[in-house]
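**Student:** This is the structure I have questions about; it appears just below.
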Amino acid sequence: MIPLYDENPRRSVPVVTLALIAANVVVFLWQATAGLEQYTYAMVPSLVTGAGPGMIRDGNDVYRMAHAAIPAWMTLFTSMFMHGGIMHIAGNMLFLWVFGDNIEDSLGKFRFLIFYLVCGVLASVAHIMIGPASQIPTVGASGAIAGVMGGYILLHPNVGIKALVPLGLYTTITTVPAWMMLGFWFLYQLLLQILDSGQGGGVAYAAHVGGFIAGLVLVKLFAASRPPQYMPDNWTQ
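For the sequence shown, counting from 1, position 71 maps to 622 in my numbering; every step adds exactly one.
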């Protein structure tokens, strides 16, 4: 299922969500001209953990890191603004736009930004735990966005999501509750991680699962100090 929009009006302009989308687009345009330099900003598990030599593997090609532009731990942040292709960034930004604005409403702008970044880092940590010696660079905002989705399913479970649903050779547009769409997405990512043989097609399923769980666990903590009028209806008495 591909979300098109949600039936959940926002209370204010989603400044942080728009800024995050803009930042991702700007970085993606930079990547188009950066060449191999961009790998120094991608998250490579073996470099973060120190479990291997300073090597980066891209398919059948292996590169030695002559120097690191930034400390390895900082790539936990920089990598979440990078993407591997136009479809990668387009899909991620669509999900961020559909689900991010209402979480920004619920948490407040500054708390939403911190929540997003923390979920992204924890998603990368989950990926590292699966393969701490991996030399494959990891990029993408999907771990952080998975955290937003985890928060959404807890705060707005019954909101209708207008979604494009592929049915074999045909597609249809229908409305499904958020809990169904996001719950299916999470279980599908979990299944793919369980079945992954280590050749996951470049997709960090563990990061998706870890980010989603992080969002579920942390969203109430980040929303705890918000005034009642900003809370979803299912939180009010």
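By construction, the Cβ of each residue, glycine as well, lies at the ideal position given by its N, Cα and C atoms.
As the structure is a prediction and not an experimental result, all values here were calculated from the model.
Rounding to the nearest angstrom, what Cα-Cα distance links ALA775 and VAL690 in this structure?
**Tutor:** On the sequence shown, position 224 is the one that residue 775 refers to. On the sequence shown, position 139 is the one that residue 690 refers to. Cα-Cα distance, rounded: 31 Å.
**Student:** Counting only runs of 4+ residues fully inside the segment 679 to 746, write out the alpha helix (DSSP H) ranges in chain order.
**Tutor:** You should have 693 to 706, 729 to 746.
**Student:** Would you mind stating whether PRO596 and ALA684 have Cβ atoms separated by less than 8 Å?
**Tutor:** Indexing the sequence shown from 1 puts residue 596 at position 45. Indexing the sequence shown from 1 puts residue 684 at position 133. Yes; because the gap between Cβ atoms is below 8 Å, this pair is in contact.
**Student:** If you compare alpha carbons, which of SER657, LEU668, ASN559, ILE687 is closest to ILE607?
**Tutor:** Within the sequence shown, numbered from 1, the residue matching residue 607 stands at position 56. Closest by alpha carbon: ILE687.
**Student:** Report yes or no: do the segment 647 to 655 and the segment 703 to 712 share at least 3 C-beta pairs separated by less than 8 Å?
**Tutor:** The segment 647 to 655, when compared against the segment 703 to 712, does touch it at the 8 Å Cβ threshold.
**Student:** Determine the direct distance from the alpha carbon of THR600 to that of GLY751, and round the result to whole angstroms.
**Tutor:** Stepping through the sequence shown from its first residue, residue 751 is reached at position 200. Stepping through the sequence shown from its first residue, residue 600 is reached at position 49. Because the pLDDT of GLY751 is 46, which lies under 50, any placement of that residue in the model is unreliable, and the question is left without a value.
**Student:** Which class does ILE607 belong to by DSSP, given the choice of helix, strand or coil?
**Tutor:** Mapped onto the sequence shown, residue 607 falls at position 56. Residue state, collapsed to three classes: strand.
**Student:** By alpha-carbon positions, which one of GLY694, VAL566, ILE681, SER657 ends up nearest to HIS639?
**Tutor:** The residue you call residue 639 lines up with position 88 of the sequence shown. Ranking GLY694, VAL566, ILE681, SER657 by Cα distance to HIS639 puts GLY694 first.
**Student:** On the three-state DSSP scale, how would you describe PRO622?
**Tutor:** The residue labelled residue 622 in the question sits at position 71 within the sequence shown. Here PRO622 sits in coil by DSSP.
**Student:** Compare the C-beta of SER685 with all C-beta atoms of chain D and state if any pair is closer than 8 Å.
**Tutor:** Annotation note: the requested chain D is absent from the structure, which comprises a single protein chain.
**Student:** Between which two residues does the alpha helix (DSSP H) harbouring TYR556 extend?
**Tutor:** If you number the sequence shown from 1, residue 556 lands on position 5. Not the alpha helix (DSSP H): TYR556 falls in the beta strand (DSSP E), residues 553 to 557.
**Student:** Taking the straight line between their C-alpha atoms, what separation do you get for LEU769 and PHE735?
**Tutor:** By one-based count along the sequence shown, residue 769 stands at place 218. By one-based count along the sequence shown, residue 735 stands at place 184. The alpha-carbon atoms of LEU769 and PHE735 are separated by roughly 21 Å.
**Student:** Taking 8 Å as the limit between beta carbons, can you name the residues of its chain near PRO728, skipping five residues before and five after?
**Tutor:** Along the sequence shown, one-based indexing puts residue 728 at 177. Cβ within range, chain order: PRO708, ASN709, VAL710, GLY711, ILE712.
**Student:** Buried or exposed: PRO554, going by 16 or more other Cβ atoms within 10 Å of its Cβ?
**Tutor:** Counting from 1 along the sequence shown, the entry for residue 554 is found at position 3. It counts as buried.
**Student:** Report the option in THR726, ALA585, LEU742, PHE632 whose CA atom is closest to the CA atom of ASN575.
**Tutor:** Position 24 of the sequence shown, counted from the start, is the residue given in the question as residue 575. If we check each option's Cα against that of ASN575, PHE632 comes out closest.
**Student:** Kindly indicate which three-state DSSP category MET644 falls into: helix, strand or coil?
**Tutor:** The residue you call residue 644 lines up with position 93 of the sequence shown. In this structure, MET644 counts as helix in the three-state DSSP scheme.
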